[in-house]
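Single-structure report; data block below.
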Amino acid sequence: MHELGITQSIVEIALRTAAGQQAQKIHSVTLEVGSLAGVVSDALQFCYEACSKETLLEGSRLIIDEVPARARCRDCATEYPLTDLLACCPACESVASDLLCGEEMRIKEMEID
Ligand SMILES: [Zn+2]
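Per this note's numbering, residue 230 is the first one in the sequence shown, and the count goes up by one each step.
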């Protein structure tokens with residue numbers, strides 16, 4: 230389950246950020262996850278609860294903001310949302326495309342006191 234490793238690094242970054250801002254309490258952490266990042270939200274939530282125990286993050290909410298993947302057609306430069314990796318360009322039906330976003334995962338914002 231690779232969600233555990235991912236969650237551990239999220240928790241680590243969140244705690245470091247909170248410490249840097251001298252936070253007393255963290256209310257929520259919003260995570261931006263590309264739709265092709267290949268993580269399961271439920272698993273992330275579950276791991277987050279486990280990893281945040283007895284830290285400043287305990288009791289905070291993990292909000293997962295899924296960002297749809299986008300691709301640009303190499304033949305006609307049309308940009309389109311990518312629902313799966315086998316999608317083709319809606320304008321010219323070419324399958325040659327560059328992925329613009331969709332595999333990223335980062336902390337978008339944190340609500341702290
Ligand atoms: Zn095209």
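Idealized CB from N, CA, C, for every residue including glycine.
Classify residue i: buried if its beta carbon has 16 or more other beta carbons within 10 angstroms, exposed otherwise.
i	result
glutamate 338	exposed
threonine 236	buried
isoleucine 255	buried
Taking 6 Å as the cut-off, is the CB of residue i close to at least one heavy atom of ligand 1?
i	result
serine 238	no
serine 264	no
aspartate 327	no
aspartate 271	no
threonine 312	no
cysteine 317	no
aspartate 304	yes
At a cut-off of 6 Å, would you count residue i as near ligand 3, judging by its Cβ distance to the nearest heavy atom?
i	result
alanine 320	Within the structure as shown, ligand 3 is missing, the only ligands being ligand 1.
What whole-angstrom Cβ distance do residue i and residue j have, given they're in contact under 8 Å?
i	j	result
glycine 263	cysteine 330	6 Å
cysteine 280	valine 240	4 Å
alanine 266	glutamate 333	7 Å
In this structure, how does DSSP classify residue i when only helix, strand and coil are distinguished?
i	result
glutamate 287	coil
serine 323	coil
aspartate 342	coil
valine 268	coil
Pick from the options: whose alpha carbon is nearest that of residue i?
i	options	result
cysteine 302	Cys317, Gly288, Asp294, Glu295	Cys317
valine 258	Glu332, Ile293, Ala306, Pro319	Ile293
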